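Below is one structure, written out as structure tokens, with a few remarks after it.
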Amino acid sequence: MQRISFDDVAGIDVARKELEEVVDFLRHPARYQAIGAKVPKGVLLCGPSGTGKTLLARAVASEAGVAFLFCSASDFVEMLVGRGAARVRDLFTQASQYPQCIIFIDEIDALAKARGGFNSNDEREQTLNQLLTEMDGFEGNANGVIVIAATNRPEVLDPALCRPGRFDRHVYVGLPDTKGREEILEVHCRNVRLDSEVDLSVVAEECGQLGQRSGAQLASLVNEAALLAHAHFELAMNRAFESQTRSIAGSSFEFTMEGDS
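Once you know that position 153 of the sequence shown is 408 in our numbering, the rest is easy, because the numbers rise by one and skip nothing.
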């Protein structure tokens with residue numbers, strides 16, 4: 256897996272700063288234990304899709320040098336009652352085998368909707384109860400397991416999951432401003448050959464006007480531009496080759512005519 260660092264995270268400085276504190280918790284837990292502070296059990300990343308929540312979680316694990324277990328909440332949603340809860344237990348058992356570990360649960364709203372609602376069902380509630388039990392199970396967080404979850408629908412989550420002692424920190428990962436978009440474009444253009452006339456600050460401003468504002472959209476924009484540039488380059492090369500071929504063929508024809516005469 257490609258190593259992701261905080262250098263790869265741009266345009267979301269406030270969220271990044273809060274996650275940098277989590278890295279410090281993991282690197283120097285004794286400092287916090289010495290003053291009676293507890294490492295947070297969970298961090299909930301909220302915000303629109305494509306803003307870099309997964310990227311942030313990977314960067315935390317990479318910067319702290321700890322294991323990273325990724326899963327989607329939909330992986331736990333099963334038709335058979337008990338299967339989802341068993342998968343949650345297996346996940347935390349796997350995490351406990353590492354000295355320190357980050358569990359990342361993407362789209363946690365698929366699993367952790369408020370109980371007792373119109374769309375509630377026994378399997379999902381049992382799975383959620385198991386998740387709550389597991390998060391309560393590592394008192395003091397001595398085993399260094401931190402759960403980071405992401406959602407773009409925090410309003411539908413069960414209140415029991417969001418309370419302090421489970422997800423102690425709620426971090427909003429919003430859409431970047433113009434300066435943030437420029438920083439994101441710079442990250443994604445590191446390995447792209449740009450024309451000297453390209454001004455990323457202008458591109459960043461125009462992207463905002465066109466509604467392309469998330470990090471994922473900007474990454475896609477850079478990639479599409481590179482693909483189009485390659486396609487145009489190949490087309491230009493083909494045309495140059497065809498022109499050269501016609502020129503050579505014409506010269507050969509003239510040479511033949513002169514020889515015949």
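Yeah, the Cβ is synthetic: ideal placement off N, Cα and C, and Gly gets one too.
Computed from a prediction, not measured in an experiment: that's the story for all the values here.
Best match in the options for proximity to residue i [C-alpha to C-alpha]
| i | options | result |
| --- | --- | --- |
| isoleucine 439 | Gln472, Val269, Ala481 | Gln472 |
| cysteine 444 | Ser469, Asn478, Glu452 | Asn478 |
| arginine 313 | Arg338, Lys293, Arg271, Tyr353 | Arg271 |
| threonine 388 | Leu346, Asn446, Gly371, His425 | Leu346 |
| alanine 367 | Gly339, Pro354, Gln352 | Gly339 |
| threonine 406 | Leu274, Ala289, Gln288, Gly302 | Gly302 |
| arginine 424 | Val411, Val442, Ile401 | Ile401 |
| leucine 383 | Asp330, Gln352, Tyr353 | Asp330 |
| histidine 379 | Ala365, Leu281, Gly392, Asp391 | Position check: residue 379 holds arginine in this sequence, whereas histidine was assumed. Of Ala365, Leu281, Gly392, Asp391, the residue nearest in Cα terms is Ala365. |
| aspartate 262 | Val442, His485, Asp450 | Val442 |
| isoleucine 360 | Ala328, Met390, Ala350, Gly337 | Ala328 |
| alanine 316 | Gly371, Gly399, Glu362 | Gly399 |
Boundaries (first-last residue) of the beta strand (DSSP E) holding residue i
| i | result |
| --- | --- |
| serine 327 | 322 to 327 |
| cysteine 548 | Here the chain comprises residues numbered 256 to 516, so residue 548 is not present and cannot be evaluated. |
| valine 426 | 424 to 427 |
Residues bridged to residue i (per DSSP)
| i | result |
| --- | --- |
| lysine 368 | Leu412 |
| threonine 406 | Cys301 |
| isoleucine 401 | Ile357 |
Supposed contact pair residue j and residue i - C-beta distance, whole angstroms, cut 8 Å
| i | j | result |
| --- | --- | --- |
| aspartate 413 | alanine 369 | 5 Å |
| cysteine 356 | alanine 322 | 4 Å |
| isoleucine 259 | valine 428 | At roughly 15 Å, the Cβ-Cβ gap does not stay under 8 Å, so isoleucine 259 and valine 428 are not in contact. |
| valine 343 | leucine 386 | 5 Å |
| glutamate 275 | valine 426 | Actually they do not touch by this definition, with Cβ atoms about 11 Å apart. |
| glycine 337 | glutamine 381 | 7 Å |
Unbroken alpha helix (DSSP H) run spanning residue i, endpoints
| i | result |
| --- | --- |
| arginine 286 | 284 to 289 |
| aspartate 449 | Correcting the residue identity first, residue 449 is leucine in this sequence and not aspartate. Element bounds for leucine 449: n/a, residue is neither H nor E. |
| aspartate 345 | 338 to 351 |
| arginine 379 | 377 to 392 |
| serine 469 | That residue, serine 469, is in no alpha helix (DSSP H); it is neither H nor E in DSSP. |
| leucine 430 | Element bounds for leucine 430: n/a, residue is neither H nor E. |
| alanine 316 | 308 to 319 |
>> Taking contact to mean 3 or more Cβ pairs, one atom from each stretch, closer than 8 Å, check whether the region 406 to 426 and the region 296 to 304 are in contact.
In response: Proximity of the region 406 to 426 to the region 296 to 304 meets the contact definition, three or more beta-carbon pairs being nearer than 8 Å.
> Taking contact to mean at least 3 C-beta pairs separated by less than 8 Å, is the region 459 to 466 in contact with the region 424 to 440?
Replying inline: With a cut-off of 8 Å, the region 424 to 440 and the region 459 to 466 count as touching, because enough Cβ pairs lie within range.
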